[in-house]
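*Asks:*
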Amino acid sequence: AQSVTQLGSHVSVSEGALVLLRCNYSSSVPPYLFWYVQYPNQGLQLLLKYTTGATLVKGINGFEAEFKKSETSFHLTKPSAHMSDAAEYFCAVCLDNQGGKLIFGQGTELSVKP
Amino acid sequence: ETGVTQTPRHLVMGMTNKKSLKCEQHLGHNAMYWYKQSAKKPLELMFVYNFKEQTENNSVPSRFSPECPNSSHLFLHLHTLQPEDSALYLCASSQDRRDNGYTFGSGTRLTVV
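Chains H and A supply the protein sequences, listed in that same order. So for the first sequence, this note's numbering puts the first residue at 106; every next one is plus one. So for the second sequence, this note's numbering puts the first residue at 94; every next one is plus one.
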């Protein structure tokens, strides 16, 4: 069965520090992977996605993620956190055999301290 | 207007009321979804519609009744809700392709009193 696991429901970093949000997946087919961000009382917004090709993908707001097949991981990083990065982040994997259905992780809440 | 639009943004209703949530997408997508997001809980997929046909119902109580009159509009009709139904209700749409992902609306914050 396909699934997504986000390690840590809450991550806290200082402003200017590295942001690392972890995501591991299990899939029986080559995965398509996504990261979404959700600000308070808003919907989810696509940050970046991996489909095929280059394994390091860049997204909006300075975020990037690297697909590592050997580790079945798709961790999200940003070199220097801003206060505005405080939000909930969701990793998702696409099920190949159901026409694009996404399976979401549990979410990781990112706090940024001044 | 482009994207996925949800109305109303906020709704307070009594347990005996009947109300409806509306979702509209202008992206030409063929699949639409309702999600429930409660505090401190993962996203819960409620319903999936593909080309106006319901393809998934994840054991949602009958007090939630979806309606999809066409590929651009999705409704969630609510009646005799419980306080535990208070949550953020999110609508999403997709093109039914693996590489597209979903486009989400801003949600309706529902409070049942």
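All C-beta atoms, glycine included, are put in the ideal place defined by N, C-alpha and C. Remember, it's a predicted structure, so these values are computed and weren't measured experimentally.
What's the gap between the Cα of residue 152(H) and the Cα of residue 194(A)?
*Replies:* Within the first sequence, numbered from 1, the residue matching residue 152(H) stands at position 47. Within the second sequence, numbered from 1, the residue matching residue 194(A) stands at position 101. About 11 Å.
*Asks:* Would you please verify whether the beta carbon of residue 113(H) is less than 8 Å from any beta carbon of chain A?
*Replies:* Here residue 113(H) refers to the residue found at position 8 of the first sequence. Closer than 8 Å: no.
*Asks:* Going by beta carbon distance, what residues of the same chain come within less than 6 Å of residue 193(H), once the five residues before and after it are set aside?
*Replies:* Translated into positions along the first sequence, residue 193(H) becomes position 88. 143, 212 and 214.
*Asks:* Below 8 Å on the Cβ atoms is my guess for residue 179(A) versus residue 201(A); work out the distance and round it to an integer in Å.
*Replies:* The residue given as residue 179(A) occupies position 86 in the second sequence. The residue given as residue 201(A) occupies position 108 in the second sequence. Not a contact, Cβ separation roughly 11 Å.
*Asks:* Would the stretch 149-156 of chain A and the stretch 181-195 of chain A be scored as touching if the rule is three or more Cβ pairs under 8 Å?
*Replies:* No: fewer than three Cβ pairs fall under 8 Å.
*Asks:* Output the boundary residues of the beta strand (DSSP E) element that contains residue 185(H).
*Replies:* Numbered from 1 along the first sequence, position 80 holds the residue referred to as residue 185(H). It is not in any beta strand (DSSP E) - residue 185(H) carries neither H nor E in the DSSP assignment.
*Asks:* Quick one: give me the first and last residue of the beta strand (DSSP E) that residue 123(H) is part of.
*Replies:* Along the first sequence, read from residue 1 onward, the residue named residue 123(H) stands at position 18. Note, residue 123(H): premise wrong, no beta strand (DSSP E); not H, not E.
*Asks:* Please confirm whether residue 181(H) has its beta-carbon closer than 8 Å to some beta-carbon of chain A.
*Replies:* Start at 1 with the first residue of the first sequence, and residue 181(H) comes out as number 76. So, not an interface residue.
*Asks:* CB-CB under 8 Å to residue 165(A), same chain, minus the five flanking residues each way: which ones, in chain order?
*Replies:* Against the second sequence, residue 165(A) aligns to sequence position 72. 117, 118 and 119, listed in sequence order.
*Asks:* Is residue 199(H) near residue 111(H), with beta carbons less than 8 Å apart?
*Replies:* As a position in the first sequence, residue 199(H) is number 94, starting the count at 1. As a position in the first sequence, residue 111(H) is number 6, starting the count at 1. Contact: no.
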